[in-house]
Each structure stands twice: as structure tokens, then as C-alpha cells.
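Going down the list, the sequences are from chains H and S. Residues 181 to 368 in my numbering are what the first sequence lists, from first letter to last. Residues 3 to 391 in my numbering are what the second sequence lists, from first letter to last. Where a beta carbon is used, it is the ideal one built from N, C-alpha and C, also for glycine.
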Amino acid sequence: MDSRAARSTGVNETLLAPAAQAPAAADIAFDRLYRSSRDEVYAYVASMVRDRAAAEEVTATAFERAYRKRSRFDPGRGEPRAWLFGIARNAALDELRRRGRQAELAAEPADLTAAPAHESAEASERRLTVSRALAALQPRERELIALKYFAGLANAEIAQVLGLSESNAGTRLHRAVTKLREACDGAV
Amino acid sequence: MEPFEDDRLAAALESLRPTPGPAFAAALDERAAAGFPRAAAAGASPWRRLAAWLGSIEPRRALIPAGATALAAVAAITVVVAVGERGGGTRSDSGGGSLLSLTGESPDGGGDDGAKFSAPVPSIPSLAGAPSQEASGSAAGAGAVAGHDLGGRETGPYASRAPHRNVERSAAMTLGADADEVADDAAKVFDAVHAYDGIVLRSSVDGGDGGEASADFDLLIPSAKLGDALAAFSGIAEVRARHEASDDITAPTVRVGERLRDARATIDGLLVQLAGADSDAERGEVEAELRSERRRAAGLRSGLAKLDRRANLSRVSLRIESDSASDSSGGSGGWGADDALGDAGHILGIAAGVALVGLAILAPVALLGLLAWLASRAWIRRGRRRALD
Numbered sequence: 181m182d183s184r185a186a187r188s189t190g191v192n193e194t195l196l197a198p199a200a201q202a203p204a205a206a207d208i209a210f211d212r213l214y215r216s217s218r219d220e221v222y223a224y225v226a227s228m229v230r231d232r233a234a235a236e237e238v239t240a241t242a243f244e245r246a247y248r249k250r251s252r253f254d255p256g257r258g259e260p261r262a263w264l265f266g267i268a269r270n271a272a273l274d275e276l277r278r279r280g281r282q283a284e285l286a287a288e289p290a291d292l293t294a295a296p297a298h299e300s301a302e303a304s305e306r307r308l309t310v311s312r313a314l315a316a317l318q319p320r321e322r323e324l325i326a327l328k329y330f331a332g333l334a335n336a337e338i339a340q341v342l343g344l345s346e347s348n349a350g351t352r353l354h355r356a357v358t359k360l361r362e363a364c365d366g367a368v
Numbered sequence: 003m004e005p006f007e008d009d010r011l012a013a014a015l016e017s018l019r020p021t022p023g024p025a026f027a028a029a030l031d032e033r034a035a036a037g038f039p040r041a042a043a044a045g046a047s048p049w050r051r052l053a054a055w056l057g058s059i060e061p062r063r064a065l066i067p068a069g070a071t072a073l074a075a076v077a078a079i080t081v082v083v084a085v086g087e088r089g090g091g092t093r094s095d096s097g098g099g100s101l102l103s104l105t106g107e108s109p110d111g112g113g114d115d116g117a118k119f120s121a122p123v124p125s126i127p128s129l130a131g132a133p134s135q136e137a138s139g140s141a142a143g144a145g146a147v148a149g150h151d152l153g154g155r156e157t158g159p160y161a162s163r164a165p166h167r168n169v170e171r172s173a174a175m176t177l178g179a180d181a182d183e184v185a186d187d188a189a190k191v192f193d194a195v196h197a198y199d200g201i202v203l204r205s206s207v208d209g210g211d212g213g214e215a216s217a218d219f220d221l222l223i224p225s226a227k228l229g230d231a232l233a234a235f236s237g238i239a240e241v242r243a244r245h246e247a248s249d250d251i252t253a254p255t256v257r258v259g260e261r262l263r264d265a266r267a268t269i270d271g272l273l274v275q276l277a278g279a280d281s282d283a284e285r286g287e288v289e290a291e292l293r294s295e296r297r298r299a300a301g302l303r304s305g306l307a308k309l310d311r312r313a314n315l316s317r318v319s320l321r322i323e324s325d326s327a328s329d330s331s332g333g334s335g336g337w338g339a340d341d342a343l344g345d346a347g348h349i350l351g352i353a354a355g356v357a358l359v360g361l362a363i364l365a366p367v368a369l370l371g372l373l374a375w376l377a378s379r380a381w382i383r384r385g386r387r388r389a390l391d
């Protein structure tokens with residue numbers, strides 16, 4: 181029996197090629213981060229820039245920047261999602277700064293939050309009330325709400341994105357939510 | 003409608019969450035899968051494309067090529083400098099007993115003083131304008147004194163319009179030779195000096211019984227033949243050091259010439275005055291004044307002659323020395339370990355100098371760049387902080 185022939189059995193180029201082109205660990209981690217955060221990043225950015233086209237552009241820019249900097253991410257300095265949202269925040273603020281659109285933040289465009297077709301009247305009314313109350317908040321308060329409820333970040337992650345302590349971020353978030361609830365209750 | 007409890011509020015906010023359109027999501031997925039390729043910037047300016055390219059470079063990955071480029075640049079400049087040094091007036095000998103270096107200084111810095119040369123310098127026929135004639139009242143002689151056309155031309159103290167420049171040149175050269183060849187090389191120096199109509203002011207030859215020999219010469223070489231004479235000296239032995247200097251002495255030459263012309267004109271006037279003197283007393287007074295003026299003219303002529311000698315004869319300080327290190331290492335003057343160490347130290351010194359000069363140039367640029375970058379970062383952060391206010 182020829183052991184050499186037996187060893188060669190089943191070995192082909194399709195097995196060798198992926199091994200030679202194996203993606204780096206940073207690429208794998210980034211791909212996972214992208215898949216888990218794409219919609220949340222868009223939601224957060226859209227709540228910041230208040231424009232669908234700009235939100236799409238800023239979201240793409242944020243992911244591209246993150247991709248270019250993926251090898252520089254240091255896990256010891258925080259969570260990957262917080263790092264990604266920090267990049268997205270800077271991209272959104274750059275867009276706001278560039279276009280000078282701070283004044284437009286008070287108005288919420290309807291196309292960003294289209295109502296579901298089968299929504300009940302009460303739900304529709306509640307949704308509209310919350311939307312108006314949200315629009316009445318200060319931009320920084322609205323950003324906290326977006327990071328918490330649109331992006332789904334934990335308080336520690338929000339603190340890292342905003343450069344605050346966790347307790348400070350929690351306090352500010354609590355105040356923003358309380359203010360939003362009071363505005364909604366007042367509308368009722 | 004019921005009050006907004008936390009869960010109801012969260013549900014309402016969840017329903018308000020913006021969602022990306024399917025087309026955008028699909029396009030973004032595609033770009034992510036492709037590794038976010040850069041869009042073709044057809045209309046982008048070169049600066050914008052350069053900035054985008056620079057921004058895409060990861061600092062850590064750029065360090066190695068940047069360091070390699072800097073190292074290659076230092077090495078290339080070092081080679082150019084080292085080769086330039088060896089090519090600068092030195093010759094290579096297959097015997098190779100000496101290392102080449104460039105040092106030395108001018109033995110005589112020169113100046114404006116007309117009596118700079120204190121060594122006895124014999125006059126030579128080629129020296130124009132070393133007139134020995136007494137002031138005879140000839141205006142033509144004053145105009146052409148010392149080979150300078152001074153008559154009728156505007157010549158100021160700085161001689162900006164001087165017809166030609168009077169330049170004093172000097173040179174110093176050190177030759178290296180085996181100890182037993184120093185005497186023969188010294189004889190060749192005498193031959194070369196005579197071949198170029200030069201003058202040996204001083205010479206000293208030490209036979210070198212103890213293994214080291216040397217010869218020193220102070221020479222005067224006609225300035226017009228200085229280059230050829232130095233080339234001839236270079237051919238006698240290895241050139242270890244060579245230095246040349248020049249000093250423009252046109253201004254003092256013109257100034258002394260003008261004073262001499264004035265003195266001669268005064269003498270002419272006094273002679274006319276003497277011819278027309280009516281009394282002995284008046285004649286005696288004019289003669290006394292004439293003697294004084296003639297003494298002054300003689301001093302000026304002497305000064306002018308010295309200035310012209312400085313311009314026409316170049317002083318050369320030549321030394322031949324044996325290389326005891328080479329003799330002790332190889333006997334026949336071969337290139338040895340000590341020479342290698344010396345050359346290595348020399349090359350390293352050049353490399354260090356090049357690196358130092360490079361740092362001196364790059365450090366301020368880098369500092370300015372750093373300050374600009376910090377200012378830019380501060381400006382961007384300020385803008386981002388104010389974007390939500």
C-alpha cells in the first residue's frame with residue numbers, strides 16, 4: 181500500500197485556496213459588527229441628521245471609516261459597538277457642521293418614521309404624541325434617547341460614545357426620558 | 003389614552019425608530035462585502051485624492067516604509083558626499099599607503115594692508131608696475147602706474163568700476179608619502195616650483211631616521227600658474243589636504259593708486275612753482291615741500307608694489323609627511339584594519355551628519371505639521387461640540 185498516494189486523496193485546490201486567503205481576525209470581527217449594527221447605526225444617524233439621504237450617506241461614511249480603522253481598535257478601551265457609534269457620531273456631527281443644519285433638528289421629517297399600515301388608532305395617536313414630544317426635546321437629549329432606544333446601547337456604551345462617566349450618562353438619560361414622558365403625558 | 007409607562011414609551015419609541023431602505027441596505031451590504039472600495043474620484047482634485055490616500059494609510063504600516071525610505075535617503079546622500087570628497091582634488095594610488103581627508107586652513111588670510119607680506123620677496127620681471135623711477139612729474143606715468151589704468155577713469159574707494167579685479171590667492175596642501183620617499187618628493191617640489199617660475203621662500207626637510215619624515219615649504223607661485231602648480235604638486239604624492247583661499251584687494255590697490263596720482267600732480271605743481279620762484283627764501287620753502295611730497299610718493303609706490311606682488315604671486319604652504327600608521331601596519335603602505343576602522347568612522351560620521359542635517363530640516367517642518375494637525379483637531383472638536391448646541 182502506498183501511503184503517499186493515500187495521503188493525496190481528497191486534497192484539491194479548493195481546500196487550499198481559502199486557507200491562503202483566510203480573512204484576518206479584524207475582518208471577521210468587523211463583518212460581525214457590521215451585520216449586528218447596520219440598522220441601529222442608521223437609526224441613530226437618521227435621528228441626528230433628520231434627512232434620509234444624508235443619513236444614508238453618513239451611515240456609509242461611518243462604516244467605511246470604521247473599516248479603515250478596524251486594525252486600530254483596541255478592545256481594552258471599550259466595546260466594539262461603542263467604538264462604532266463613536267465614529268458614527270463624529271460623522272453625523274461633521275455632516276451637521278458642514279451643512280449648518282442645527283436649526284433643522286427641531287423638525288422631524290415624516291418619511292423617517294412612516295406609520296405601519298395596520299396600526300390601530302390609539303397606537304397611531306400614541307406614536308404621534310411621542311414623535312412630537314421627541315421633536316420638542318433638546319438635540320442632546322434626543323441623542324441620548326436615540327442611543328438608548330434606537331441604537332439599543334447600554335448605559336456604559338452610551339457613556340463611552342459621549343465621553344461621559346457611566347453614572348453621568350445614566351443621570352442624563354433618566355432626565356431625558358422623564359422629560360419625554362412628561363411631555364407625552366402633558367399632551368394626553 | 004393611557005399614561006405613558008416605561009414599557010409603552012419604549013414601544014412607542016421602537017415604532018418611531020428609523021429603518022434603512024431596502025435598496026440602501028442592499029447597496030451597503032454589497033460595499034461591506036467588497037471591503038468598502040473607494041469610489042472612483044473622477045472629478046476630485048489631486049489634492050483631495052492625495053488627502054484621501056494619506057488618510058487611508060495606517061500609521062503603523064506606514065512606519066516601516068517611511069523608515070526604510072529615510073534610511074535609503076541617508077545612505078544615498080552619504081555615498082554621494084563620500085564619493086564627492088574622494089573626487090575633490092585627490093588621487094587614488096594602487097599602493098594605497100594613505101587615507102584621504104580634507105582639512106587645512108589658509109596660512110595667510112590676507113587683508114587690506116599694503117605691507118602684509120613681511121617675508122623678503124624678490125622682484126620678478128613679470129611684475130608690472132614695480133617702478134623704480136623717481137617721480138619725474140610725468141602725468142602719463144601716474145596714469146599707468148602699477149599696471150592700472152587710472153587716468154581719466156572714475157574709481158571710487160570700493161572700485162566698483164575697476165577695470166579688473168586684484169585678487170590675492172593662497173593655498174595650503176598636505177601630501178602623504180612613505181618615509182623613504184619624502185626626500186625624493188621634496189626634490190620634485192623644487193623642480194615643480196622652478197618649472198612654474200615660483201620662488202621658494204623657506205624649505206625644511208626632515209630625513210626621518212625614526213620612521214617619520216616630513217618636508218615643509220613656503221612658496222610663492224605666480225597667480226596665473228597657481229592651478230597648474232597645485233596640480234603638479236598633487237601628482238608628486240597622495241593629497242591629504244588641500245585648501246585654497248582668495249581675497250579681493252582691488253579697493254586698497256585703487257585707493258593707493260589714486261593717492262599716488264594726487265601726489266605726483268602735487269609734485270608737478272611744486273616744480274612749476276619752483277621754476278617761477280623769485281627769491282631764495284621762496285625757493286627753499288618750495289624745495290622743502292617738494293622733498294616731503296616726494297617722500298610721500300615713494301611710500302605710496304612701495305605700498306602699491308606690495309599690493310601688486312600680493313596679487314601676482316600666490317603664497318603656497320606645502321607639507322609632505324609620512325604616514326607612520328601605514329608604515330607600521332603594512333610596511334609597504336597597504337590598506338589595513340586601522341585604515342578600515344578610520345574609513346568606517348569617517349563614513350559613520352558623514353551618515354550621522356546627513357541624518358543630523360535631515361533632522362534639522364525635518365524637525366521644524368514636522369513641528370509645524372504637528373501644530374497644524376493639533377489646531378485642526380481642536381477646530382473639528384469645537385465644531386462637533388457646537389453642532390448640537
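Looking at chain H, is there any beta carbon in it that lies within less than 7 Å of the beta carbon of Leu30 of chain S? Stepping through the second sequence from its first residue, residue 30 of chain S is reached at position 28. Yes, its Cβ sits closer than 7 Å to a Cβ of chain H.
For a contact defined as C-beta to C-beta under 8 Å, what are the partners of Arg51 of chain S on chain H? The sequence position of residue 51 of chain S within the second sequence is 49, counting from 1. None at all; the shortest Cβ gap to chain H is about 16 Å.
Residue-level contact to chain H via CB, Ala377 of chain S, 7 Å cutoff: To locate residue 377 of chain S, count along the second sequence from 1; it is residue 375. Cβ-Cβ to chain H under 7 Å: no for Ala377 of chain S.
Sub-7 Å separation of Arg261 of chain H and Glu337 of chain H beta-carbons: Within the first sequence, residue 261 of chain H is the residue found at index 81, counting from 1. Within the first sequence, residue 337 of chain H is the residue found at index 157, counting from 1. A contact, by the Cβ cut-off of 7 Å.
Beta-carbon neighbours of Phe243 of chain H, restricted to chain S and to distances below 9 Å: On the first sequence, position 63 is the one that residue 243 of chain H refers to. The answer, in chain order, is Leu30, Arg33, Ala34, Phe38.
Between Ala287 of chain H and chain S, is there a C-beta pair that is closer than 7 Å? As a working mapping, residue 287 of chain H is identified with position 107 in the first sequence. With a pLDDT of 45 at Ala287 of chain H, under the threshold of 50, the modelled position of this residue cannot be trusted; read the value that follows with caution. With 7 Å as the cut-off, Ala287 of chain H does not count as an interface residue toward chain S.
Going along the chain, which residues of its own chain have a beta-carbon closer than 7 Å to the beta-carbon of Glu295 of chain S, five neighbours each way excluded? Translated into positions along the second sequence, residue 295 of chain S becomes position 293. Excluding sequence neighbours, Glu295 of chain S sits near Ala265, Thr268, Ile269, Leu272.
Own chain partners of Val318 of chain S with C-beta closer than 6 Å, once the 5 adjacent residues on each side are dropped: Translated into positions along the second sequence, residue 318 of chain S becomes position 316. Cβ neighbours of Val318 of chain S beyond the five flanking positions: Ala173, Leu221, Ile223.
Contact belief for Thr176 of chain S with Arg257 of chain S at Cβ below 8 Å, rounded distance in angstroms: Here the question's residue 176 of chain S lines up with position 174 in the second sequence. Here the question's residue 257 of chain S lines up with position 255 in the second sequence. Actually they are not in contact, since the Cβ atoms of Thr176 of chain S and Arg257 of chain S sit about 36 Å apart, beyond 8 Å.
Closer than 8 Å is the cut-off here; do at least three beta carbon pairs connect the stretch 323-331 of chain H with the stretch 15-26 of chain S? yes
Counting C-beta neighbours from all protein chains within 10 Å, is the total for Thr241 of chain H 16 or more, i.e. buried, or is it exposed? Here the question's residue 241 of chain H lines up with position 61 in the first sequence. So Thr241 of chain H ends up on the buried side.
Distance cut-off 6 Å: Glu289 of chain S Cβ against heavy atoms of the ligand GDP: Only the bare structure without any ligand can be found here, which leaves the ligand GDP out of the picture.
Who are the near neighbours of Leu317 of chain H in its chain, counting only those whose CB is closer than 8 Å to its CB and skipping five residues on each side? Residue mapping note: residue 317 of chain H aligns to position 137 of the first sequence, counting from 1. So the qualifying residues of the chain are Ile325, Ala356, Lys359, Leu360, Ala363.
For Val76 of chain S versus Ala357 of chain S, is the C-beta distance shorter than 7 Å? The sequence position of residue 76 of chain S within the second sequence is 74, counting from 1. The sequence position of residue 357 of chain S within the second sequence is 355, counting from 1. Yes. Within cutoff.
So, is Ala287 of chain H buried or exposed, given that buried needs 16 or more other C-beta atoms within 10 angstroms? Within the first sequence, numbered from 1, the residue matching residue 287 of chain H stands at position 107. For Ala287 of chain H, the pLDDT reaches just 45, beneath the cut-off of 50, and the residue's location in the model is therefore unreliable, although a value from the coordinates is still provided. Exposed, since its Cβ has fewer than 16 Cβ neighbours within 10 Å.
Counting only Cβ pairs nearer than 7 Å, list the residues of chain H close to Ala14 of chain S. Numbered from 1 along the second sequence, position 12 holds the residue referred to as residue 14 of chain S. Near Ala14 of chain S (Cβ distances below 7 Å), the residues of chain H are Arg306, Arg307, Val310.
Determine the extent of the alpha helix (DSSP H) in which Thr241 of chain H is found, giving its start and end residues. The residue you call residue 241 of chain H lines up with position 61 of the first sequence. From DSSP, the alpha helix (DSSP H) with Thr241 of chain H extends over 232-248.
What do you get for Ser206 of chain S, buried or exposed, if any count of 16 or more other CB atoms within 10 angstroms of its CB means buried? Position 204 of the second sequence, counted from the start, is the residue given in the question as residue 206 of chain S. Exposed, by the Cβ-count rule.
Would you please verify whether the beta carbon of Leu273 of chain H is less than 7 Å from any beta carbon of chain S? For this step, residue 273 of chain H is matched to residue 93 along the first sequence. By this cut-off, Leu273 of chain H is an interface position.
8 Å Cβ cut-off: residues of chain S touching Ser227 of chain H: Numbered from 1 along the first sequence, position 47 holds the residue referred to as residue 227 of chain H. Correct list: Pro20.
Assuming contact is defined by CB atoms lying nearer than 7 Å, are Ile322 of chain S and Val195 of chain S in contact in what I supplied? Along the second sequence, one-based indexing puts residue 322 of chain S at 320. Along the second sequence, one-based indexing puts residue 195 of chain S at 193. No, the Cβ-Cβ distance between Ile322 of chain S and Val195 of chain S is not below 7 Å.
Take the Cβ of Pro463 of chain S as the centre, count every other Cβ of all protein chains shown within 10 Å, and call the residue buried at 16 or more, exposed below. Nothing can be reported for residue 463 of chain S: it is not among the residues displayed for chain S, which extend from 3 to 391.
Tell me whether the beta-carbon of Tyr198 of chain S lies closer than 7 Å to the beta-carbon of Ala231 of chain S. Working through the second sequence from its first residue, we reach residue 198 of chain S at position 196. Working through the second sequence from its first residue, we reach residue 231 of chain S at position 229. Contact: yes.
Using the C-alpha atoms, what's the distance from Pro254 of chain S back to Ala299 of chain S? Here residue 299 of chain S refers to the residue found at position 297 of the second sequence. Here residue 254 of chain S refers to the residue found at position 252 of the second sequence. Taking the straight line joining both Cα atoms gives about 16 Å.
For Glu305 of chain H and Ser311 of chain H, I'd like the C-alpha separation in whole angstroms. Mapped onto the first sequence, residue 305 of chain H falls at position 125. Mapped onto the first sequence, residue 311 of chain H falls at position 131. Each residue's Cα considered, the two are about 10 Å apart.
Against chain H, with Cβ distances strictly below 7 Å, would Arg383 of chain S count as a contact? Counted from its first residue, the second sequence places residue 383 of chain S at position 381. So no, Arg383 of chain S is outside the interface.
Which listed residue (H:Tyr224, H:Arg277, H:Lys249, H:Tyr222) has its alpha carbon closest to that of Gly385 of chain S: For the purposes of this step, residue 385 of chain S is identified with residue 383 of the second sequence, where counting begins at 1. Residue H:Arg277 is the option with its Cα nearest to Gly385 of chain S.
Report the three-state DSSP secondary structure of Leu204 of chain S (helix, strand or coil). As a working note, residue 204 of chain S is residue 202 in the second sequence. At residue 204 of chain S the sequence reads Arg, which differs from the Leu that was named. Reduced to three states, the DSSP call for Arg204 of chain S is strand.
Any beta-carbon of chain S closer than 7 Å to the one on Ala356 of chain H? Mapped onto the first sequence, residue 356 of chain H falls at position 176. Cβ-Cβ to chain S under 7 Å: no for Ala356 of chain H.
My output table needs one value for Leu306 of chain S: the three-state DSSP class, helix, strand or coil. For this step, residue 306 of chain S is matched to residue 304 along the second sequence. If DSSP states are grouped into helix, strand and coil, Leu306 of chain S belongs with the helices.
Quick one: which chain H residues come within Cβ less than 7 Å of Ser17 of chain S? Residue mapping note: residue 17 of chain S aligns to position 15 of the second sequence, counting from 1. Residues of chain H passing the Cβ test: Arg307.
Residues of the stretch 322-345 of chain H with Cβ closer than 8 Å to any Cβ of chain S, in chain order: Glu323, Ile325, Tyr329, Phe330
Cα-Cα separation between Ala53 of chain S and Tyr247 of chain H, rounded to whole angstroms: Numbered from 1 along the second sequence, position 51 holds the residue referred to as residue 53 of chain S. Numbered from 1 along the first sequence, position 67 holds the residue referred to as residue 247 of chain H. So the alpha carbons of these two residues sit roughly 18 Å apart.
From the DSSP output, in three-state form, read off Thr71 of chain S for me. Here residue 71 of chain S corresponds to residue number 69 of the second sequence, with the count starting at 1. Thr71 of chain S falls in the helix class under three-state DSSP.
Measure the C-alpha to C-alpha separation of Arg244 of chain S and Ile363 of chain S and round it to an integer number of angstroms. Numbered from 1 along the second sequence, position 242 holds the residue referred to as residue 244 of chain S. Numbered from 1 along the second sequence, position 361 holds the residue referred to as residue 363 of chain S. Looking at the two C-alpha atoms, the distance is approximately 30 Å.
Mind checking if Ala389 of chain S is an interface residue toward chain H, Cβ cutoff 7 Å exclusive? Your numbering for residue 389 of chain S matches position 387 in the second sequence. Yes, Ala389 of chain S lies at the interface with chain H (some Cβ there is under 7 Å from its Cβ).
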